[in-house]
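Trainee:
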Amino acid sequence: MSRPVVWKWALTAVIVALAAAVALWPRGGSDSEGTGAPPESARSVDPALRQASGAAVCPPGSEPPPAAGPLADTVLTCLADGTPATPGRMTGVPMVLNLWAYWCEPCRTELPLFQEYADRAGSAVRVLTVHSDPDETKALSLLAALNQELRAGHRPQLRLPGLQDPDARVRAAANAPNALPITVLIRPDGSIAEYVARPFRDVDDIADAVAGALGVTA
Numbered sequence: 026m027s028r029p030v031v032w033k034w035a036l037t038a039v040i041v042a043l044a045a046a047v048a049l050w051p052r053g054g055s056d057s058e059g060t061g062a063p064p065e066s067a068r069s070v071d072p073a074l075r076q077a078s079g080a081a082v083c084p085p086g087s088e089p090p091p092a093a094g095p096l097a098d099t100v101l102t103c104l105a106d107g108t109p110a111t112p113g114r115m116t117g118v119p120m121v122l123n124l125w126a127y128w129c130e131p132c133r134t135e136l137p138l139f140q141e142y143a144d145r146a147g148s149a150v151r152v153l154t155v156h157s158d159p160d161e162t163k164a165l166s167l168l169a170a171l172n173q174e175l176r177a178g179h180r181p182q183l184r185l186p187g188l189q190d191p192d193a194r195v196r197a198a199a200n201a202p203n204a205l206p207i208t209v210l211i212r213p214d215g216s217i218a219e220y221v222a223r224p225f226r227d228v229d230d231i232a233d234a235v236a237g238a239l240g241v242t243a
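Under the working numbering, think of the first position of the sequence shown as 26, with each following residue one higher.
1. Evaluate the contact criterion for the stretch 119-131 versus the stretch 150-170: three or more CB pairs, one atom per stretch, below 8 angstroms.
2. State buried or exposed for ASN200, treating a residue as buried only when at least 16 other CB atoms are found within 10 Å of its CB.
3. Leaving out the 5 sequence neighbours to the left and right, which residues in its chain are closer than 6 angstroms to PRO186 when beta-carbon positions are compared?
4. Excluding the five sequence neighbours on either side, which residues of its own chain have a C-beta within less than 8 angstroms of the C-beta of VAL118, listed in chain order?
5. Look up CYS103 in the DSSP assignment and give the residues it is bridged to.
6. Among ALA146, GLY86, ALA197 and LEU165, which has the Cα closest to the Cα of PRO95?
7. Which residues bound the beta strand (DSSP E) around TYR142?
8. Taking the alpha-carbon positions, what's the ASP144 to ILE231 distance?
9. From LEU104 to LEU239, what distance separates their C-alpha atoms?
10. Nearest CA to the CA of MET115: which residue from ALA169, PRO72 and PRO85?
11. Residues in the same chain with beta-carbon distance under 8 angstroms from GLY59, minus the five sequence neighbours each way, listed in chain order, please.
So this is what it looks like as structure tokens:
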């Protein structure tokens, strides 16, 4: 066999071996993709910190998704346990999503107001908080610190369901400005009624905004 032919077959063997190695190589995607398991970043958070934050378990989503609503396929994670949560499928009642971040001082003042409003509105409105920053640990730490302050001041502690939105998907879906706090008001069918891009003054201010956009008085 001539030398060129030998080299040709040797090169072919190397290419076949490389192709087999690539086919068997582990993919770079998360092992939780498509399984419903929390991503690695969510699993790494201390469960005790989640508990101290007071975040409640997120409501389940409906299947199939509602006909209307830009958030129907937006999958976030729940602050209470790191499991996947889809706010656009938590339909059936009016919903209030308060977008905040651990570094936002007006958000810190506003969060207890949403707890008081949720207590007042009861089952007529679903209130969730949405942490719009990648650092979930700092979000949970802030909620835990706030609860300490609220306990000391004999005020209701935070126990609202919370979502982790590291890419600000909810803000983008609402076409809201790149500023916090923002409150997104969602109709029972999952469609967005409007957003409020300012801090609320008090609980009555929240109630007035919800009544005007969603027709719910509380």
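Yeah, the Cβ is synthetic: ideal placement off N, Cα and C, and Gly gets one too.
Predicted model, so just to flag it, every value in this text is computed and none were measured.
Mentor: According to the structure data:
1. yes
2. exposed
3. ALA81, CYS83 and LEU153
4. SER148, ALA149, VAL150, ARG151 and PRO213
5. LEU188
6. ALA197
7. Counting along the chain, TYR142 falls outside any beta strand (DSSP E), though it belongs to the alpha helix (DSSP H) covering 130-146.
8. 13 angstroms
9. 26 angstroms
10. PRO85
11. For GLY59, the predicted structure reports a pLDDT of 34, less than 50, and the residue's modelled location is therefore unreliable. A value from the coordinates is still provided. Correct list: empty, nothing qualifies.
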